[in-house]
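A.B. asks: Taking the working numbering, the leading residue of the sequence shown gets 1, the next gets one more, and so forth.
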Amino acid sequence: MANSSRAPGRSRRLRAALVVSAAVGLLATAGAVVLPGSASAASTLGASAAERGRYFGTAVAVSRLNDSAYTTILNREFNQVTAENEMKIDALQPNQGQFNYGNADRLVQHARSQGMLVRGHTLAWHSQQPGWMQNMSGTTLRNAMLNHVTQVATHFRGQIEWWDVVNEAFADGSSGARRDSNLQRTGNDWIEAAFRAARQADPNADLCYNDYNIDNWNDAKTQAVYRMVQDFKSRGVPIDCVGLQSHFTGGSNYPSNYRTTLSSFAALGVDVHITELDIRNAPTDAYRNVVNDCLAVARCKGITVWGIRDSDSWRSSENPLLFNGSGQKKPAYDAVLAALNNGTTPPTGNPTTPPPTGNPTTPPPSGGCTATVTPGQVWGDRYNTSVTVSGASTWSVVVAITAPQKISATWSGSPTWDSSGNVMTMRSNGSGNTFGFTTMMNGNSSARPQIRSCTAG
Ligand code: G3I
């Protein structure tokens with residue numbers, strides 16, 4: 001994620017914000033029933049996600065901040081917000097050169113007063129352009145777009161954790177092509193130009209590409225976005241993250257290879273975010289799967305649902321959200337909270353090759369515990385490993401990976417990394433004595449992780 005042109009420290013700010021948020025959530029749950037064996041079970045989405053180093057957010061319509069039933073749920077449950085409409089181009093620059101930040105500033109103020117992180121949505125988009133911009137083309141439009149990016153990112157500098165710099169720039173269907181739009185017709189480099197302008201205006205915000213129908217790893221649109229991100233990374237275009245809108249409503253459903261999509265983008269060296277989640281009729285299984293998939297991918301930073309109550313949804317007739325119109329928790333809410341509290345489950349899927357049969361390394365017990373490696377499933381591009389610790393109930397295990405292999409996901413532990421990214425220290429986090437991780441082979445299919453040490457305490 002680090003980019004040489006960026007100021008240091010924002011990741012630390014994010015972690016601190018989440019820790020504070022978790023603490024607030026835990027305080028808020030004082031007196032709640034604590035289930036046996038789940039001493040750390042949080043009772044709100046944001047607090048539980050924060051315990052996992054993630055956020056759990058929602059789209060907010062600023063006009064609804066006057067509705068106390070709405071804000072009660074917002075403030076209680078969520079630690080991240082995205083403006084549903086108030087940071088779009090037509091809202092912020094209704095007339096050329098005349099910026100209207102009132103509603104967006106109100107949301108940012110509210111979020112900051114509640115310790116919530118803010119996602120900016122969105123700087124450049126073919127849709128929701130004000131009339132003056134819709135009528136532009138060529139260099140005039142390119143410059144107007146870049147000016148908008150610069151002005152808006154500058155206005156909010158220091159207040160936005162992630163920007164959806166460009167939204168929905170790829171076509172649906174099997175072409176894998178860019179979407180035709182007035183912005184696209186200014187030249188294929190309009191996306192990277194927008195990212196560069198955003199980085200210059202706010203070097204501390206993470207910059208994301210955001211789209212829908214990029215959830216299924218096999219879809220041409222997903223592959224096309226993947227190739228763009230790969231290209232950007234290889235050429236140093238400043239991109240930090242990919243947002244999967246994940247509107248599993250109407251035409252598209254939760255795909256069984258969703259975790260592969262998340263981990264594949266992550267393996268490119270970007271964070272992944274689930275930015276606009278809603279699921280038609282709010283089935284508990286699909287919501288649970290989305291949470292488990294995110295938790296299984298270390299670079300999946302959080303989940304944002306696209307509204308609080310069904311009545312707030314852009315597709316209210318499909319009842320796709322976690323709260324009903326009366327603000328009551330739906331079964332999907334319980335499924336999401338339980339999945340967050342339970343942490344991750346190891347990735348599932350269909351291995352394409354049998355597990356490796358080599359000699360897993362188990363170091364001599366030196367630091368008061370022993371770590372035993374069990375090889376897991378192997379796919380064409382990655383493999384799983386689980387490690388069981390004996391001799392201590394709290395521990396840290398140092399695992400070394402052979403480059404260019406890279407760990408893309410972990411579960412049931414709290415990882416930190418050395419500067420090379422190839423040595424992981426996994427600490428117990430109350431999830432038991434077995435942790436696991438997924439390693440992307442990146443061309444080396446034979447190397448396997450080495451355990452360097454196991455230290456009790
Ligand atoms: O506020 C006006 C109201 O004054 C007017 O009477 C009414 C009549 O049309 O329109 C109201 O504005 C609407 C606005 O939502 C607020 O309700 C716009 O017409 C309508 O186009 C707008 O729809 C939004 C849509 O994006 C288009 O920008 C949805 O709320 C919003 O949920 C949706 O969000 C998008 C994401 O930004 C990108 N991904 C897909 C997602 C769902 O479409």
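Just so it is clear, CB atoms sit at the ideal spot from N, CA and C, and this is done for glycine as well.
For ligand 1, any of its heavy atoms closer than 8 Å to the Cβ of H247?
C.D. replies: The answer is yes for H247.
A.B. asks: What three-state label does DSSP hand V270 in the structure shown?
C.D. replies: coil
A.B. asks: Roughly how many angstroms separate the alpha carbons of T439 and I401, rounded to a whole number?
C.D. replies: In this structure, the alpha-carbon of T439 lies about 8 Å from that of I401.
A.B. asks: Rounded to whole angstroms, what is the Cα-Cα separation between G173 and L141?
C.D. replies: Computed Cα separation, rounded: 27 Å.
A.B. asks: Are the segment 163-183 and the segment 105-115 touching, with three or more C-beta to C-beta distances below 8 Å?
C.D. replies: no
A.B. asks: May I have a chain-ordered list of the alpha helix (DSSP H) segments no shorter than 4 residues that lie completely inside the segment 194-279?
C.D. replies: Within the segment 194-279, the complete alpha helix (DSSP H) runs of at least 4 residues are 220-235 and 258-267.
A.B. asks: Sorted by chain position, which residues of the same chain lie with C-beta nearer than 7 Å to A267's C-beta, five sequence neighbours on each side aside?
C.D. replies: K406, S408 and M440
A.B. asks: Who are the Cβ neighbours of I191 in its own chain at under 7 Å, not counting the five residues just before and after it?
C.D. replies: In chain order, V166 and A169 place their CB closer than 7 Å to the CB of I191, counting only its own chain and leaving out the 5 sequence neighbours on each side.
A.B. asks: Does the segment 314-321 come close enough to the segment 275-288 to have 3 or more Cβ pairs within less than 8 Å?
C.D. replies: yes
A.B. asks: DSSP beta-bridge partners for M133?
C.D. replies: BP columns for M133 are empty, so no partner.
A.B. asks: Taking C-beta to C-beta, are R54 and L295 nearer than 9 Å?
C.D. replies: yes
A.B. asks: Can you tell me whether DSSP reads N143 as helix, strand or coil?
C.D. replies: helix
A.B. asks: Using the beta-carbon count (16 or more within 10 Å), is Q98 buried or exposed?
C.D. replies: exposed
A.B. asks: Mapping the DSSP letters down to three states, classify C369 as helix, strand or coil.
C.D. replies: The answer is coil: DSSP assigns C369 none of H, G, I, E or B.
A.B. asks: In whole angstroms, what separates the C-alpha of Y226 from that of G367?
C.D. replies: 42 Å
A.B. asks: Examine the Cβ distances between the segment 250-260 and the segment 214-234 and report whether three or more of them are shorter than 8 Å.
C.D. replies: yes
A.B. asks: Decide if D206 is buried, meaning its Cβ has at least 16 other Cβ atoms within 10 Å, or exposed.
C.D. replies: buried
A.B. asks: Quick check on DSSP: helix, strand or coil for R288?
C.D. replies: helix
A.B. asks: Name, in chain order, the residues that DSSP records as bridge partners for W162.
C.D. replies: Checking the DSSP bridge columns, you'll see W162 partnered with R119 and D206.
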